[in-house]
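What follows is a single structure, written as structure tokens, with notes after it.
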Amino acid sequence: MPGPPPANLFSVFPEKLAARLFAGAKTTRLAADETLFLAGDPGDGCYRVEQGLLKVSMIAASGAERILAIVGPGAIVGELSTIDGLPRSASVAAVRDSELTFVSRAAFAAFAGEHPVVYKHLVTLLASRLRDTDGVVAAGSFLPLKGRVARALLDLSEAFGQDVGQGRILIRQKVSQSDVAAMAGIARENVSRILNDWIRDKLVSRLSGYYCLENKKKLERESAL
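Using our numbering, you'd call the opening residue of the sequence shown number 22 and step up by one each time.
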């Protein structure tokens with residue numbers, strides 16, 4: 022299960038230095054559903070999302086997809102390969118039309134050489150990623166199907182939620198049952214059954230194509246390990 026947007030170097034890095042690093046960076050544009058890179062591709066640099074929305078996922082040989090995170094403006098993707106030079110560990114594609122800025126691995130290394138404080142923040146980065154991984158393993162191993170779906174919806178609400186009063190949280194991003202299934206790591210048919218049950222029980226509603234959490238506290242209990 023994905024948690025909050027994945028930790029990256031620049032979520033623990035002073036914004037002013039991050040802005041300096043990306044000053045003059047190359048612009049890349051993606052159309053909706055266009056792939057930025059695939060797991061296993063060479064790690065030649067990192068991207069910052071300026072506009073749009075990306076999904077980070079793993080894709081099996083069978084074509085099955087597991088969405089690890091959905092990220093928006095300000096997020097960085099590809100930074101681990103930029104740091105260690107190894108191939109991409111996950112695939113990234115645009116959910117909607119997106120604009121990104123790109124910094125090469127060589128430019129990053131030069132910047133880090135001038136600002137060695139970057140390395141101080143690597144420990145925080147690695148600790149955050151380890152915690153995220155622990156959460157994914159625990160959720161996939163111990164949560165029942167309803168708990169996985171609840172956690173997917175709660176994660177979406179953390180990233181895109183808007184409080185519309187009386188404790189109701191509207192997820193301001195249209196997601197399909199297939200998207201929720203890919204986040205939860207379960208079959209779409211199970212997601213459909215669970216969401217239909219929750220809509221009937223007024224835990225969740227569907228408003229103009231958007232999911233709304235009607236009872237967030239109960240969903241939190243469903244997702245508790």
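Using N, Cα and C, we set each Cβ at its ideal position, and we do this for glycine too.
Taking 8 Å as the upper bound for CB-CB distance, Leu240 and Leu246 are not in contact here, some 14 Å apart. The C-alpha of Met79 lies about 14 Å from the C-alpha of Gly99.
Bridge partners of Phe58 according to DSSP: Val113. Here DSSP, grouped into helix, strand and coil, assigns Leu191 to strand.
Nearest Cα to Ala173 within the set Gly45, Gln187 and Ala202: Ala202. For the alpha helix (DSSP H) assignment, the uninterrupted runs of no fewer than 4 residues enclosed by the segment 72-110 are, from N- to C-terminal side, 100-105. Per the DSSP secondary-structure output, Phe123 pairs in a beta bridge with Lys47 and Tyr68. When the five nearest sequence neighbours on each side are left out, the beta carbons in the same chain lying within less than 6 Å of the beta carbon of Gln198 are those of Arg209, Val212 and Ser213, in order along the chain. Excluding the 5 residues flanking it on each side, Thr122 has same chain C-beta neighbours closer than 8 Å at Phe43, Ala46, Lys47, Thr48, Thr49, Tyr68, Arg69 and Glu71, in chain order. For Val139, the uninterrupted alpha helix (DSSP H) run begins and ends at Val138 to Lys141, by DSSP. For Leu164, the number of other beta carbons within 10 angstroms of its own is at least 16, and it is reported as buried. In this chain, the alpha helix (DSSP H) harbouring Asp218 covers Arg209 to Arg221. Taken through DSSP and simplified to helix, strand or coil, Leu234 comes out as strand. Residue burial annotation: Leu75 is buried, with at least 16 other C-beta atoms found within 10 angstroms of its C-beta. Rounded to whole angstroms, the gap between the alpha carbons of Lys195 and Ala60 is 25 Å. Under DSSP, Val225 forms a beta bridge with Leu234.
Distance from Lys167 to Ile215 at the Cβ level is roughly 6 Å; contact confirmed, criterion being Cβ atoms closer than 8 Å.
The three-state reading of DSSP puts Gly186 in coil, since its state is none of H, G, I, E or B. In summary, Ser102 is buried, with 16 or more beta-carbon neighbours lying within 10 Å of its beta-carbon over all protein chains present.
The shortest C-alpha to C-alpha distance from Gln187 to any of Ala148, Ile97, Val92 and Lys238 is the one to Lys238. Only residues of its own chain outside the window of five on either side were considered, and among them Leu42 have a CB closer than 7 Å to the CB of Phe132, listed in chain order. Counting only runs that start and end inside the segment 158-182, the alpha helix (DSSP H) elements of at least 4 residues fall at 166-181. In terms of Cβ geometry, Thr56 and Ala96 do not form a close pair [threshold 9 Å].
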